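*Asks:* Residue numbers (this note's numbering): 159 to 376.
The structure's right below; bear with me while I get my questions together.
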Amino acid sequence: MRYEFEHVLPADIESRSFAIIEEELTRMGRHLKEDEAPVIMRAIHTTADFDYADNLVFSPDAVRLGREALRAGARIVTDTRMALAGINKKRLEALGGEALCFMGDADVALAAKKRGSTRAAASMEKAARLYGNQAGDEKPLIFAIGNAPTALVSLYELIGKGALAPALIIAAPVGFVNVVPAKEQILSLKNVPYIVARGRKGGSGVAAAICNALLYTI
């Protein structure tokens with residue numbers, strides 16, 4: 159059997175991919191909001207899953223507020239090294255920001271063991287100690303969660319205690335255990351901007367893709 163391939167130069171593959179995504183969304187009758195479109199399309203580009211046109215939920219002005227935080231030199235805290243690796247740190251650092259992941263830190267492992275919690279939860283607590291409301295740090299905090307629902311539960315609790323006031327929460331854990339209720343908790347927040355991949359779908363790649371979509375549109 160002979161297969162036909164579209165001839166696309168390496169430098170043009172991404173732009174061609176986005177053109178295909180746009181064409182297919184149009185055929186589906188989907189018209190994305192202008193500010194949300196780059197985020198949704200990059201999530202689709204990362205996963206080849208058009209469900210993200212429906213699954214991504216944005217709080218009011220989430221995209222604008224996320225971009226403003228990045229322009230102000232935001233710190234992005236992730237729950238996996240994979241998400242950390244996927245974020246375009248050159249773009250982020252050009253804006254005065256940095257990306258961090260505390261999951262491999264010895265003190266996080268010790269705290270999790272002592273409390274019988276997950277490292278993801280303990281890593282969010284460390285972020286709050288270092289950069290939260292009591293730390294006096296002026297840089298905005300963005301949390302990009304792509305794996306651990308317990309990280310979202312910890313964030314929800316820290317926000318409730320007044321320890322954190324994130325500039326944006328990207329909630330995109332993937333899986334079956336506690337994933338949906340953890341995301342729904344974030345959706346219930348009133349004064350914290352969020353972008354949530356509702357349901358079971360998500361992943362570290364999606365969390366990083368959302369960060370990059372915001373960065374690339376600045």
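Note that the Cβ used here is the ideal one computed from N, Cα and C, for glycine as well.
Remember, predicted model here, so these are calculated numbers, not experimental data.
Do ALA227 and ALA325 have their C-beta atoms within less than 8 Å of each other?
*Replies:* It is a contact, given that the beta carbons lie within the stated cut-off.
*Asks:* Compute every distance between the C-beta of TYR314 and the non-hydrogen atoms of the ligand GDP, then say whether any falls below 7 Å.
*Replies:* The ligand GDP is not part of the structure shown, which contains no ligands of any sort.
*Asks:* Can you round the beta-carbon distance between ARG229 and LEU253 to whole angstroms, since I take them to be within the 8 Å contact cut?
*Replies:* 6 Å between Cβ atoms; contact.
*Asks:* So VAL364 and THR204 are in contact, right, with Cβ under 8 Å, and what is the actual spacing, rounded?
*Replies:* VAL364 to THR204, Cβ: 6 Å. Contact.
*Asks:* Between which two residues does the alpha helix (DSSP H) containing ILE202 stretch?
*Replies:* Residues 195 to 205.
*Asks:* Which same chain residues end up closer than 6 Å to GLY361 when comparing Cβ atoms and leaving out the 5 residues on each side of it in sequence?
*Replies:* Counting only Cβ-Cβ distances below 6 Å, and skipping sequence neighbours, we find GLY304, VAL332.
*Asks:* Could you please give the first and the last residue of the uninterrupted alpha helix (DSSP H) stretch that includes ILE327?
*Replies:* Element bounds for ILE327: not the alpha helix (DSSP H) but the beta strand (DSSP E), 326 to 329.
*Asks:* Please report the straight-line C-alpha distance between GLY274 and LYS341, rounded to a whole angstrom.
*Replies:* Cα to Cα, GLY274 sits roughly 22 Å from LYS341.
*Asks:* Whole angstroms is fine: what's the gap from GLY255's alpha carbon to TYR161's?
*Replies:* Their Cα atoms are separated by approximately 46 Å.
*Asks:* For the beta strand (DSSP E) that contains ILE178, what are its first and last residues?
*Replies:* Per DSSP, ILE178 belongs to no beta strand (DSSP E); it is in the alpha helix (DSSP H), 171 to 185.
*Asks:* Output yes or no for whether 8 Å exceeds the beta carbon distance between ASN246 and GLY357.
*Replies:* Cβ atoms of ASN246 and GLY357: not closer than 8 Å.
*Asks:* If we count the other Cβ atoms within 10 Å of its Cβ and call it buried at 16 or more, is VAL311 buried or exposed?
*Replies:* The residue is buried, with at least 16 neighbouring Cβ atoms inside 10 Å.
*Asks:* Among residues of its own chain, excluding the 5 on either side of MET240, which ones have a beta-carbon nearer than 6 Å to its beta-carbon?
*Replies:* Cβ within range, chain order: SER362.
*Asks:* Leaving aside the five residues before and after ALA366 along the sequence, list all residues of the same chain whose C-beta is less than 6 Å from its C-beta, in chain order.
*Replies:* Once the five neighbours on either side are set aside, the close Cβ partners of ALA366 are ALA241, GLY244, ILE245.
*Asks:* By a C-beta neighbour count over all protein chains shown, 10 Å radius and 16 as the cutoff for buried, is LYS359 buried or exposed?
*Replies:* By the neighbour-count rule (16 or more Cβ atoms within 10 Å), LYS359 is buried.
*Asks:* Could you spell out the range, first to last residue, of the alpha helix (DSSP H) harbouring TYR352?
*Replies:* Here TYR352 belongs to no alpha helix (DSSP H); instead the beta strand (DSSP E) covers 352 to 355.
*Asks:* Determine the contact status of ILE327 and ILE234, defining contact as a CB-CB distance below 8 Å.
*Replies:* Taking 8 Å as the Cβ cut-off, ILE327 and ILE234 do not qualify as a contacting pair.
*Asks:* Quick check on GLU226: does DSSP put it in helix, strand or coil?
*Replies:* The answer is helix: DSSP assigns GLU226 an H, G or I state.
*Asks:* Once you ignore the five residues that flank GLU180 on each side, which residues in its own chain have a CB closer than 8 Å to its CB?
*Replies:* Correct list, in chain order: MET199.
*Asks:* Leaving aside the five residues before and after VAL215 along the sequence, list all residues of the same chain whose C-beta is less than 7 Å from its C-beta, in chain order.
*Replies:* Contacts found: LEU345, VAL354, ARG356.
*Asks:* Check the DSSP bridge columns for VAL235 and list the partner residues they point to.
*Replies:* Bridge partners of VAL235: LEU258, PHE301.
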